[in-house]
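Undergrad:
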Ligand SMILES: NC(=O)c1ccc[n+]([C@@H]2O[C@H](COP(=O)([O-])OP(=O)(O)OC[C@H]3O[C@@H](n4cnc5c(N)ncnc54)[C@H](O)[C@@H]3O)[C@@H](O)[C@H]2O)c1
Ligand SMILES: NC(=O)c1ccc[n+]([C@@H]2O[C@H](COP(=O)([O-])OP(=O)(O)OC[C@H]3O[C@@H](n4cnc5c(N)ncnc54)[C@H](O)[C@@H]3O)[C@@H](O)[C@H]2O)c1
Ligand SMILES: NC(=O)c1ccc[n+]([C@@H]2O[C@H](COP(=O)([O-])OP(=O)(O)OC[C@H]3O[C@@H](n4cnc5c(N)ncnc54)[C@H](O)[C@@H]3O)[C@@H](O)[C@H]2O)c1
Ligand SMILES: NC(=O)c1ccc[n+]([C@@H]2O[C@H](COP(=O)([O-])OP(=O)(O)OC[C@H]3O[C@@H](n4cnc5c(N)ncnc54)[C@H](O)[C@@H]3O)[C@@H](O)[C@H]2O)c1
Ligand code: NA
Ligand code: NA
């Protein structure tokens, strides 16, 4: 499927992750940076038939107007982008910025959600046609939403569409409305955030009906990545984890959003689910996300694991992870665009469980162990396109 | 092979690891403790036909006379063994202590090394016969030796045996002389230390000739365990490790031994080899082992990993591991005794590469990634006895 | 004042801190342990005339019945007390346990608080008389209470005593009722907890009227100790702290109490007040106290300080403190008993600001910097008894 | 003494510390940055009569030719200087660079050391005269030297000067030759490095004879700063430190120099002296300095302190310090220039012990405790100029 021009449509296109992904793509295309952090550039995936960096065309939705060039400057100041690259990226950033359309904002929208969805769908179709793209992968990298109460309409497509048409209701959170619009435009959908997104039975049904693949959710870039790597070690060695405590300090847009306990809830829930699954039993696991604005784009996570060994011996492991979240997330966004495009070309539909590797809370797969996820990813990718279109 | 009485012969039988292993075996047998930290007690290995805790009979060599009861008291004081267990273990410890024979000490031995080897072999044969054992697995948990210069005799069994007979020479370090004696007694050999032991071409030849399996070397219980778990994460994610610095603080007998830079050398070498293999390229990797007597049996390791992500972003991971080394090592010694006994019963010979899971510097296998080692171990164990004796 | 038999009356006499203090006092008296962690044993205070270990007689109040011998065994198991000391301490612990009376418990008490106060006062007077003590210092080491709303009765002794006599009201929290009873018995009072205790204007008035000294509050034994040591460094060097984040993991009785956010509130408040005072400006300072039962008596605190240097350079300091809280607190309880007894003998009354050294939230003094507190303590102690009774 | 134009002459004027100090001075002067990290800008020193930022004129010696503008760019890339400041600093940097003269290099110098000293002295005198300066403070911020063997000539000025005149000998290390030349030019001398510098009896004599003050040595900016803050806490609380282990990871020019164990020796020695002095007894204190080039200007220090409390309880403190060394050092260099200039104006001579606050290995004072050093500094500074010129 190389040489097939492929769209990458970012929900939250002017956020940190999106801006870093776009800047990086421009740099990769210009040969100004190696693909460090890109999983699809690993030798293990070298043979897989994927869209090349040159094949990707980027657009997106956002609800703010600060342009990508400005955001890139801020990210250079924050240590995410190298200052010396900026001049070479300005034109490319402006070109992408010109493809950013106004997103759906629940606070400003008037009328039925269906109307909003139609507008979003139209944006996607227009983008695909104007650029003559084989397909467009929609990736949600917008602000994390609070968890939403489950409604009967979420389980049944007919009920859902009826509710969407009702101007008095707002039955879907923005992420799910966006997912709905993407599917209706015939686009595969990836949820890089912990928001609800496509993870509703009615939307799953729609994806399967339309033969569209989707993947999610919540990109795994820090503390959870380490947990899915370390927890299997304790298990394999028969060591009994007694408590796993964690504190995350982060600034940036994401820090501000997650400061609100309601927004943090979905993040904390997805993290807790994973840990219990990994250890096979519930352990004491206090977990905090603190907004520390002065840290900017840097995220610092401290974990303290207390475990028991032979004859009850008490031991511990602590780690401190100091990451630039957007630097970790951005290459994965590009990877997901390439892999999901290939899955679509291959005719796959529904949740792509083999992409669990990328997510804190994998859809379509119960595997949380990183090494097994790595193996699953490689095996799946090697099969891609073998019997495909 | 359950119900086959099996010997476990410990070189360094009065050391910390040995005393903890024996105490734990007694506690397991009496139902006083769960098999925490025992890999052979994991559900994944539940079906494997292994000697039971009741089937194991323990003896060993040492060069000190402090009895096991005394050593167990010291280890309780150091937090390795629980005080309340001691009274129930006293009789069992005394029984094992009665099976400890004088080891080979290069400084006190007079005459040809062959004579010493014959005595060690005789001790093993006598032990096997007196207790009517199906087999005896010899496990080296004695003090770490300095690395030895390679000699031509190490490559050729005939040359080696000629040199052993020469009263003027001491061609083998103690660990290798012991391995030689074990093989000559028809016993499988496991090297839990970084010493040379069985890892010489001439001894490999002897093991193969006699149809004996062996495994090693250097039990993986702390910093290296974590490295073999964490390094593959960076690789799988395409993140570039730039430096991996480490400091180990330890007291105890092992701390005192490794304070001597000559003795530490073999430990440091085996650690460096592993890291380079894991990362696929050499990185700056300063590494220290410090003797800090007041820490007693506790080992504290601090590692600082500096890595590079997308567009050159600089990030880091630090961890502090606080382990009780003997508590981590002892259950593995019991696991190895059971697994190597089963391999012997199964007719396997030479290096058991599938046991790489247990070792810093695996013999017979190049795999350093912990998750792959885990998979290899499980696969191998499930085959054990399938076509065996 | 040496050779004056002095009472130490512990509120919460069967808690971890109290049991450790009593065990330690017995060991010190028997010459079985050096006074490690005792500030009054430092050379700087060698000349101060204080009651000796032999002069101290201990009793107290508690609301549980588990005896001190049993509690000491639990603390040995938890690593706070050395196993080998227990046999030598059993008799002494039983003797103290025989001096423990039932404390005031708001949930079980019926009738006016004044009645309860009279009973507590009577217990103290009886103790002083039966043992022929020069004075009795009351030290509160009972469970932390939630903060209480301020009432007009707290500001005026007459109003307060009227309310205490009303059987329908419970105007004082237990710690303050206890402080009231202590003062009414003519006893100096020390609050080692963050509870309200003596820190009410009406009780201050009573202390001054009766010529009684008091000290508090909230023993400084871990994270806060470090903060009062480290924050002045940043200030003295002109470095600008931008955020100071903290997480405390603790088990034990204190962990269980503080798990309740209402109880934790007073602890968190006293910590935040201190940090702002030290840095001279408010900084982002998220702080958590997590109950991690498996840690037992061990407390682990992680702090992350982000600071700015010359030309805006961004730097950080992290620390991990792993303390046995009761081991840190107990010698200070003994120190406070000795020092406050001497202040009483010296005729001092009201808040002893010079004891700020010992507390997170010092009464009678605004100084939070540890080095200045040390100097103040030494200077004050050297003056003690110079013009005294 | 404000309004007295004052010279600051940097030995190693093109190094990281020097470049940062100069850049910062230019930024301060232009009002582009606040004096974060400058001790002389603290309110406690507000009343002291010191040269202002505008009064300082900078020149120096170095043995490399990379100009200051280039070095500043490199430091911006390394995160030490903010990118956006560079354009405003270019002219000022060029002006200072024009005042940099060739330093003394032992490997390239031919002839008697006296000749070299005369040239250095002449450079200083010319600088003072050309700029019409009231005085010039010489600050050594050049590469750390290996420790030198003590010679009889180091103790006696006459012997020393005779040896300096001998073309066959090189009796002084570069730092001491420089100090000699500075004194001969009538300039106060500050040693910010651990090199020998002015710390020889013969040079002390010369300083006193000429009525010149000096200060040193080895700027205290990281691990040692923390040690001098933390160790007194353990002491004041009667807690017994059992071991204090440290590892320093650093890149940059300093990292490369200290990789050589010979050069590191003087650094390690000065650190060890301090720790023993602080704790009052020798403790196990392994210490490492590792060159980790990829860390660039960042220094990461990990310390692990194991200590004993009441009844032998075992506890620990760890910290990780992540500093930009040059950002920490540079403002202190400016502080020292101002303070030593004032001391000179005040007529003080010999070692300025009150400046111990700034140094790992203070000359003229035995005080290592940071809080006491702070107090000494403030007290001394307040007296400055009171009876002076
Ligand atoms: N960076 C990581 O490592 C990582 C990992 C996992 C998940 N995530 C998730 O990725 C998301 C983006 O993170 P970020 O750091 O870029 O955050 P950010 O705050 O910088 O960017 C979010 C962007 O989404 C936009 N947005 C908000 N609501 C929108 C809407 N209704 N429609 C369209 N756009 C909308 C915002 O205007 C903003 O530009 C977050 O949800 C975060 O939780 C990030
Ligand atoms: N504990 C761990 O986690 C771990 C991990 C990997 C390797 N190891 C290795 O295991 C070994 C044992 O560790 P330990 O902590 O028990 O040390 P230890 O010092 O407590 O015990 C070593 C014992 O070996 C005995 N010994 C010395 N020379 C001997 C000889 N020639 N013959 C027979 N006995 C001899 C000593 O007398 C002592 O009793 C060390 O080599 C160590 O490096 C331990
Ligand atoms: N250990 C430290 O380092 C430290 C430091 C600062 C403050 N403190 C405070 O010291 C107190 C004691 O800590 P601990 O670890 O011993 O806790 P703990 O739970 O082990 O002991 C508290 C004791 O108080 C008793 N108690 C509860 N209510 C009472 C009442 N109304 N009257 C009399 N007794 C009562 C309980 O029964 C228990 O025996 C806590 O408030 C804690 O916050 C401890
Ligand atoms: N940065 C800190 O926090 C800190 C703290 C304490 C001490 N120091 C000391 O400060 C010194 C400078 O550190 P840096 O990071 O700037 O190092 P650097 O390597 O960047 O700079 C040293 C400079 O000295 C020059 N030099 C070498 N030999 C010389 C000579 N004979 N005459 C004149 N110049 C010479 C070099 O060419 C170089 O420009 C080092 O000795 C370091 O140990 C620094
Ligand atoms: Na982010
Ligand atoms: Na406690």
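Chains as they are written, first to last, in the numbering used here: chain G, 714 to 1102; chain D, 714 to 1102; chain R, 714 to 1102; chain B, 714 to 1102. Glycine residues also receive a C-beta, built at the ideal position from the N, C-alpha and C atoms.
1. At a CB distance below 7 Å, what residues from the region 1003–1024 of chain B approach chain D? Give them in sequence order.
2. Just curious, the alpha helix (DSSP H) that residue 1096/B is in, first and last residue?
3. Alpha carbon to alpha carbon, what distance is there between residue 887/D and residue 1104/D?
4. Can you have a look at residue 1095/R and say buried or exposed, based on whether 16 or more other CB atoms are within 10 angstroms of its CB?
5. Kindly indicate which residue of 821/B, 738/B, 1016/B and 1029/B has the alpha-carbon position closest to the one of residue 777/B.
6. Going straight from the alpha carbon of residue 847/R to that of residue 1073/R, what length do you get?
7. Would you mind stating whether residue 1040/R and residue 752/R have Cβ atoms separated by less than 7 Å?
8. Anything in the region 793–807 of chain G with a Cβ closer than 7 Å to a Cβ of chain B? List those residues in chain order, please.
9. Please work out which residues of its chain come closer than 7 Å, Cβ to Cβ, to residue 854/B, disregarding the five sequence neighbours upstream and downstream, and give them in chain order.
10. Is the beta carbon of residue 822/D within less than 6 Å of some heavy atom of ligand 3?
11. Using three-state DSSP, classify residue 906/R as helix, strand or coil.
12. Could you check the C-alpha separation between residue 1022/D and residue 938/G for me, to the nearest Å?
13. For the beta strand (DSSP E) that contains residue 953/R, what are its first and last residues?
14. Whole alpha helix (DSSP H) runs in the region 839–922 of chain R with 4 or more residues, listed along the chain?
15. Count the other CB atoms, across all protein chains shown, that sit within 10 Å of the CB of residue 989/B; report buried if there are 16 or more and exposed otherwise.
16. Using a Cβ-Cβ distance cut-off of 7 Å, determine whether residue 1031/B contacts chain R.
17. Would you verify that the beta carbon of residue 952/G is, or is not, closer than 7 Å to some beta carbon of chain D?
18. Just to confirm, is the Cβ distance from residue 870/R to residue 915/R under 7 Å?
19. Within the chosen definition, does the region 1003–1013 of chain G reach the region 1016–1032 of chain R through at least 3 CB pairs nearer than 8 Å?
20. Could you work out which residues of chain R lie near residue 942/B, taking near to mean beta carbons separated by less than 7 Å?
21. With distances taken from CA atoms, which of 829/B, 805/B, 824/B and 823/B is nearest residue 814/B?
22. Going along the region 982–997 of chain D in order, which residues come within less than 9 Å of chain B, judged by CB to CB distance?
23. Would the region 952–972 of chain G count as touching the region 1044–1062 of chain G if we require 3 or more Cβ pairs under 8 Å?
24. Check the DSSP bridge columns for residue 1000/B and list the partner residues they point to.
25. Decide yes or no for the touch test of the region 746–765 of chain R against the region 950–961 of chain B: beta carbon pairs closer than 8 Å, at least 3 of them.
26. Are any of the Cβ atoms in chain G nearer than 7 Å to that of residue 752/D?
27. For the beta strand (DSSP E) that contains residue 1017/G, what are its first and last residues?
28. Considering only C-alpha positions, which residue in the set 769/G, 775/G, 765/G and 807/G is nearest to residue 785/G?
29. Between 773/G, 754/G, 935/G and 774/G, which lies nearest to residue 766/G when the distance is taken from Cα to Cα?
30. Flag this pair as touching only if the region 992–1006 of chain B and the region 882–899 of chain B have three or more C-beta atom pairs under 8 Å; answer yes or no.
31. Would you tell me roughly how many angstroms separate the C-alpha atoms of residue 918/G and residue 943/D, rounded to the nearest one?
32. Report the neighbours of residue 1034/B on chain R: residues whose CB is nearer than 7 Å to its CB, in chain order.
33. Ignore the nearest five residues each way along the sequence and tell me which others in residue 1100/G's own chain have a CB closer than 7 Å to its CB.
TA: The answer reads as follows:
1. 1003, 1005, 1006, 1007, 1008, 1013, 1015, 1017 and 1019
2. From DSSP, the alpha helix (DSSP H) with residue 1096/B extends over 1083–1096.
3. Beyond the ends of chain D as shown, which are 714 and 1102, falls residue 1104/D; an answer cannot be given.
4. Classification for residue 1095/R: exposed.
5. 821/B
6. 30 Å
7. no
8. 796
9. Here the set comprises 723, 724, 725, 728, 730, 731, 905, 906 and 1046.
10. No.
11. coil
12. 15 Å
13. 953–963
14. Uninterrupted alpha helix (DSSP H) stretches at least 4 residues long and entirely within the region 839–922 of chain R occur at 870–877, 887–897 and 914–922, given in chain order.
15. exposed
16. yes
17. yes
18. Going by C-beta atoms, residue 870/R is nearer than 7 Å to residue 915/R.
19. yes
20. 942, 943 and 946
21. 829/B
22. 996 and 997
23. Contact annotation: the region 952–972 of chain G does not touch the region 1044–1062 of chain G, with fewer than three C-beta pairs closer than 8 Å.
24. Residue 1000/B pairs with 959/B.
25. In short, these stretches touch, since the Cβ pair count reaches three.
26. yes
27. Note, residue 1017/G: beta strand (DSSP E), 1011–1021.
28. 807/G
29. 754/G
30. no
31. One C-alpha to the other measures close to 38 Å.
32. 1030
33. Reliability of the predicted coordinates at residue 1100/G is poor, the pLDDT of 49 falling under 50, and no value is obtained from them.
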